[in-house]
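Okay, so here's the structure we're looking at.
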Amino acid sequence: MIDRAVEFATKAHEGQFRKGTRRPYIVHPIEVKDIVSTMTRDEEVISAAVLHDTIEDCQGVTREVLALEFSPRVAAMVAGESEDKSKTWLERKSATIQSIGSAPREVQMIGLADKLSNMRDIDRDYPKVGEELWNRFRMKDKKMIGWYYKGIRDALAKDFQKESVFQEYCRLIQKNFG
Ligand SMILES: Nc1nc2c(ncn2[C@@H]2O[C@H](COP(=O)(O)OP(=O)(O)O)[C@@H](OP(=O)(O)OP(=O)(O)O)[C@H]2O)c(=O)[nH]1
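Here the sequence shown is numbered in UniProt numbering, starting from 1 and rising by one per residue.
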């Protein structure tokens, strides 16, 4: 199932790039899958990790499609990672911070891996790009971007304190946002 999920996500994200770069988008879902694999061996969770942005970002991919191609549980996990793009940035990010603390453990794991992958990108790109980096994002304010990553950290602290993935996430936030 994991191999099929990688193949599906690779096709679905074809032609997409990470914001403001020429890095193929698929490098991010692959990294999220690898991070999740350090926390669980559940192949449905690992598959959902590589598929986590397909409903939100890929034309024609819906919860129903993923339920048929993979399983209703995989589809539910991916739906749990998807934001409502009709809302504003602040509304979406506030809702994510609000919901992740009480979400099922596997949705939390994928969310944490997703944000760690983004923090690794920021940690690599910030020294090279400097303050211009924040202009890549819809919310161009470093303080607000830091607010979001810290909000996710605080919501997950109770349940993930002992995970090395969470500890790396905290170190990168501290280093880049103080
Ligand atoms: N750090 C970083 N982020 C990038 C890059 N390319 C794309 N992104 C994505 O950008 C999102 C944050 O960008 P914003 O402009 O602030 O937010 P928005 O896309 O949700 O409106 C992150 O999504 P998210 O909502 O936090 O999670 P998700 O969409 O990955 O699930 C992240 O995945 C990159 O090169 N570096």
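Built from N, CA and C at the ideal position, the CB exists for glycine as well.
State the beta-bridge partners of residue i as determined by DSSP.
i	result
PRO24	PHE17
Does the Cβ of residue i have 16 or more other Cβ atoms within 10 Å, making it buried, or fewer, making it exposed?
i	result
MET39	buried
THR54	buried
PRO104	exposed
LYS93	buried
For residue i, tell me which candidate among the options has the shortest Cα-Cα distance.
i	options	result
VAL32	ASP3, SER117, GLU69	SER117
ILE122	ALA79, VAL36, GLN174	GLN174
GLY130	GLY80, ASN176, PRO72	ASN176
THR88	GLY146, PHE17, ASP159, ARG138	ARG138
SER102	ASP141, PHE160, ARG73, LEU90	PHE160
GLY146	ALA76, GLU132, LEU172, GLU163	LEU172
CB residue i to CB residue j, shorter than 7 Å?
i	j	result
LYS115	ILE152	yes
ILE2	GLU64	no
ALA9	LEU51	yes
ALA155	ILE100	yes
VAL107	GLY80	yes
ILE26	HIS13	yes
GLY20	ARG136	yes
ALA113	SER47	no
For residue i, which three-state DSSP category applies?
i	result
GLY80	helix
VAL61	coil
GLN167	helix
THR88	coil
GLN98	helix
LEU51	coil
ARG41	coil
Using 6 Å as the cut-off, classify the Cβ of residue i as near or not near the heavy atoms of ligand 2, replying yes or no.
i	result
PHE137	The model on display carries ligand 1 but not ligand 2.
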